[in-house]
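K.L.:
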Amino acid sequence: MFISQDREWFAGDCNRKTAEDLLQRINKDGAFLIRYSSAQSTHQPYTLAVLYQEKVYNIPIRFLVETKAYALGKEGKKNEEVKTFNSLDEMISYHKNNQLLLIDSKSQAKHTAHLTHPVRT
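Just add 125 to wherever you are in the sequence shown, counting from 1, and you've got my numbering.
#1: Between residue 157 and residue 240, is the Cβ-Cβ spacing less than 9 angstroms?
#2: Counting C-beta neighbours from all protein chains within 10 Å, is the total for residue 159 16 or more, i.e. buried, or is it exposed?
#3: Take residue 177 and list the residues in its own chain whose beta-carbon comes closer than 6 angstroms to its own, dropping the five residues that flank it on each side.
#4: So residue 218 is in the alpha helix (DSSP H); what residue range does that whole segment cover?
#5: Given that a residue counts as buried once 16 or more other Cβ atoms are within 10 Å of its Cβ, and exposed if not, what is residue 190?
#6: What is the DSSP secondary structure of residue 240, counted as helix, strand or coil?
#7: So the alpha helix (DSSP H) residue 144 belongs to, where does it begin and stop?
#8: Nearest-angstrom Cα distance between residue 220 and residue 231?
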């Protein structure tokens with residue numbers, strides 16, 4: 126689960142507020158970064174933060190121990206098909222070309238966006 130610190134999108138120990146401020150400053154739909162999760166658990170080691178329509182979406186990145194793969198979002202229902210990735214680089218690359226589902230935690234409104242502008246501290 127090691128990640129190279131030199132990735133253009135990796136913000137490391139950056140907290141949620143700082144991450145949101147960085148993305149708001151860029152102010153471009155699809156601006157994104159990955160930071161260590163505040164939960165700091167092996168099952169959810171990172172968070173993907175994405176800016177879309179002036180709102181920052183914080184999406185948990187789960188590490189699936191049994192398959193040694195990464196997945197986005199909270200754990201789904203049993204038998205739910207989950208897209209997995211062998212690395213964070215693979216996940217980022219995939220969502221640069223394929224839309225990412227963003228769900229507003231308050232209104233449950235759904236949007237889609239591509240990852241377009243990497244941001245780091």
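Every residue gets a Cβ at the ideal spot worked out from N, C-alpha and C, and that includes glycine.
P.N.:
Reading off the structure:
#1: Taking the sequence shown and counting its residues from 1, the one referred to as residue 157 is at position 32. Taking the sequence shown and counting its residues from 1, the one referred to as residue 240 is at position 115. Cβ distance < 9 angstroms, so residue 157 and residue 240 count as in contact.
#2: As a working mapping, residue 159 is identified with position 34 in the sequence shown. Buried, since its Cβ has 16 or more Cβ neighbours within 10 Å.
#3: Here the question's residue 177 lines up with position 52 in the sequence shown. Here the set comprises 154, 227, 236, 238.
#4: By 1-based counting over the sequence shown, the position of residue 218 is 93. 213-222 is the extent of the alpha helix (DSSP H) around residue 218.
#5: By one-based count along the sequence shown, residue 190 stands at place 65. When all chains shown are included, residue 190 counts as exposed.
#6: Position 115 of the sequence shown, counting from 1, holds the residue named residue 240. Three-state result, residue 240: coil.
#7: The sequence position of residue 144 within the sequence shown is 19, counting from 1. For residue 144, the enclosing alpha helix (DSSP H) has its first and last residue at 141-151.
#8: Position 95 of the sequence shown holds residue 220. Position 106 of the sequence shown holds residue 231. When rounded, the distance between both Cα atoms is 24 angstroms.
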